[in-house]
């Protein structure tokens, strides 16, 4: 079974930075998509960024492009989301997602809260 655990959330002022981490354990995959999603107060969960392996491609939501960076440390089985120039509208619970790119179900972490004060 795959387990994802996010960390790094917290309270930050607008314009500040945070780095989220997602550690994956339990299984390894030769092909996968690791992504970050978020759900703000009263909103639906939305896509933020994804990292595709083995292509090493990255994609971002327009709302975070140029401010957020997704990257992975294979040795630590960890995917990161570096967030800069944070805005109050970035306030949300951030979830890590693993898609094995096959018929298998995707996996979700429990989420980490990010709050950006104005």
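Numbering (this note's numbering), first residue to last: 190 to 307. Virtual Cβ for every residue (Gly too), placed ideally from N, Cα, C.
Problem - Cβ-based burial, residue 279 [other Cβ within 10 Å; buried from 16] - result: buried
Problem - Local Cβ density within 10 Å of residue 291, reported as buried at 16 or more and exposed below that - result: exposed
Problem - Bridge partner(s) assigned by DSSP for residue 286 - result: 224, 297
Exercise for the section: Please name the residue, chosen from 193, 203, 210, that lies closest to residue 152 on a Cα-to-Cα basis. Expected result: There is simply no residue 152 to check, as the chain begins at 190 and stops at 307 in what is shown.
Problem - Nearest-angstrom Cβ-Cβ length linking residue 267 and residue 283, presumed shorter than 8 Å - result: Your pair residue 267 and residue 283 does not check out as a contact, with CB atoms roughly 15 Å apart and the cut at 8 Å.
Problem - For residue 207, the first and last residue of its enclosing beta strand (DSSP E) - result: 207-214
Practice task
Look at the alpha carbon of residue 258 and the alpha carbon of residue 238, and state the distance between them as a whole number of angstroms.
Solution key: If you draw a straight line from the Cα of residue 258 to the Cα of residue 238, it is about 8 Å long.
Practice task
Decide if residue 227 is buried, meaning its Cβ has at least 16 other Cβ atoms within 10 Å, or exposed.
Solution key: It is buried - the Cβ of residue 227 has at least 16 other Cβ atoms within 10 Å.
Practice task
Identify, in the order they occur along the chain, each residue of the same chain with its Cβ nearer than 7 Å to the Cβ of residue 191, setting aside the five sequence neighbours on each side.
Solution key: 213, 215, 216, 287, 296
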